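First up is the structure itself, then whatever we jot down about it.
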Amino acid sequence: MNAIAKAIDTLNEAFGRLIAPLLAVITLIVIYDIAMRFFIGRPSDWAFDVTKMLFGVHFMLMAAYGLRHHAHVEVDVLKRLLSRRKQAILDIVGYLVFFVPFIWMLLTLGWAFFERSFSRGETTYGMVAIPVYPVKAVIVIAAFLILLQAVAIVIRAIQQLREEETA
2 MNAIAKAIDT LNEAFGRLIA PLLAVITLIV IYDIAMRFFI GRPSDWAFDV TKMLFGVHFM
62 LMAAYGLRHH AHVEVDVLKR LLSRRKQAIL DIVGYLVFFV PFIWMLLTLG WAFFERSFSR
122 GETTYGMVAI PVYPVKAVIV IAAFLILLQA VAIVIRAIQQ LREEETA
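Note that this note's numbering gives residue 47 to position 46 of the sequence shown, counting from 1, and the numbers run on in steps of one.
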């Protein structure tokens, strides 16, 4: 089970490191658009839509990486007062009862959202019609990666319980 958790961590770590530089690309596009406004007096037709879509992609795809590194907001003030065994139980119950069903819903509804967009050939409404369905596919990919990371967290909590029992 530990090998599965480590494999999930490795996947999300690699994916996060791959996606993180996308922020630099977004920044360059914004700088380009500002320069166009300053020098030509007119923004580009595509930069606003592209930066908005790329930022959404970056935000969604970095979520599993953030979960892996405990970068999300947690209410751990009370959790710290509990024993390690009770913390592990709280993690297992919290993830299985609340987190996993929500992410499963995001995965299934996100798939329907993507499918509808793909079947309609949905595009942006700007001067340049950019396909939207790739960005909506990111919802499904991100939900899957987050779900995997939740599995890794639950595996570690189960291991913690086993260690507590043998100690």
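Yeah, the Cβ is synthetic: ideal placement off N, Cα and C, and Gly gets one too.
It should be emphasised that the depicted structure is a prediction, and the values quoted were computed from it without experimental measurement.
C-alpha gap between A36 and A158, whole angstroms: Counting from 1 along the sequence shown, the entry for residue 36 is found at position 35. Counting from 1 along the sequence shown, the entry for residue 158 is found at position 157. Near 51 Å, if we compare the C-alpha coordinates of A158 and A36.
Exposed or buried, I147, counting other C-beta atoms within 10 Å across all chains shown (16 or more means buried)? Translated into positions along the sequence shown, residue 147 becomes position 146. By the 10 Å Cβ count, I147 comes out buried.
According to the Cβ coordinates, are T138 and L62 closer than 7 Å? Here residue 138 corresponds to residue number 137 of the sequence shown, with the count starting at 1. Here residue 62 corresponds to residue number 61 of the sequence shown, with the count starting at 1. In the sequence as displayed, the identity of residue 138 is Ala instead of Thr. No, the Cβ-Cβ distance between A138 and L62 is not below 7 Å.
Which residue comes first and which comes last in the alpha helix (DSSP H) that contains S84? Counted from its first residue, the sequence shown places residue 84 at position 83. Segment: none, S84 is in no alpha helix (DSSP H) and carries neither H nor E.
Taking only three categories from DSSP, how would you classify T124? Taking the first residue of the sequence shown as position 1, residue 124 is located at position 123. Three-state result, T124: strand.
According to DSSP, residues forming a beta bridge with P135: Within the sequence shown, numbered from 1, the residue matching residue 135 stands at position 134. DSSP lists no partner for P135.
Please identify the residue among M106, F115, V78 and K53 whose C-alpha is closest to the C-alpha of T28. Your numbering for residue 28 matches position 27 in the sequence shown. Nearest option by C-alpha distance: K53.
Let me make sure I understand the geometry here. Which of Q160, T124 and A6 has the alpha-carbon closest to that of Q88? Taking the sequence shown and counting its residues from 1, one reaches residue 88 at position 87. Nearest C-alpha to Q88: Q160.
Just confirm the distance between the C-beta atoms of V51 and V136, as a whole number of angstroms; I'd bet it's less than 8 Å. Numbered from 1 along the sequence shown, position 50 holds the residue referred to as residue 51. Numbered from 1 along the sequence shown, position 135 holds the residue referred to as residue 136. Their Cβ separation, rounded to whole angstroms, is 10 Å, which puts V51 and V136 out of contact at 8 Å.
For F1, which residues in the same chain have their Cβ closer than 8 Å to its Cβ, ignoring the five residues on either side in sequence? One cannot answer for residue 1 here, as it falls past the ends of the chain, which runs 2 to 168.
Determine the DSSP secondary structure at M173, reduced to helix, strand or coil. Summary: the structure shown does not reach residue 173, with the chain confined to residues 2 through 168, and so no result is reported for it.
Does the segment 119–138 come within contact of the segment 63–74, defined as at least 3 CB pairs closer than 8 Å? The way I'd put it, the segment 119–138 doesn't touch the segment 63–74; fewer than three beta-carbon pairs between them come closer than 8 Å.
What does the Cβ neighbour count give for D77, buried or exposed, with the cut at 16 atoms within 10 Å? Numbered from its first residue, the sequence shown carries residue 77 at position 76. Result: exposed.
Any idea what DSSP makes of A130, helix, strand or coil? For the purposes of this step, residue 130 is taken as residue 129 along the sequence shown, with counting starting at 1. Correct three-state label for A130: coil.
What does the alpha-carbon distance come out to for the pair V155 and P102? Translated into the one-based positions of the sequence shown, residue 155 becomes position 154. Translated into the one-based positions of the sequence shown, residue 102 becomes position 101. Answer to the nearest angstrom: the Cα atoms are 14 Å apart.
Quick check: the Cα distance between E166 and R85, rounded to an integer number of angstroms? Position 165 of the sequence shown holds residue 166. Position 84 of the sequence shown holds residue 85. Rounded to whole angstroms, E166 to R85 spans 11 Å at the Cα level.
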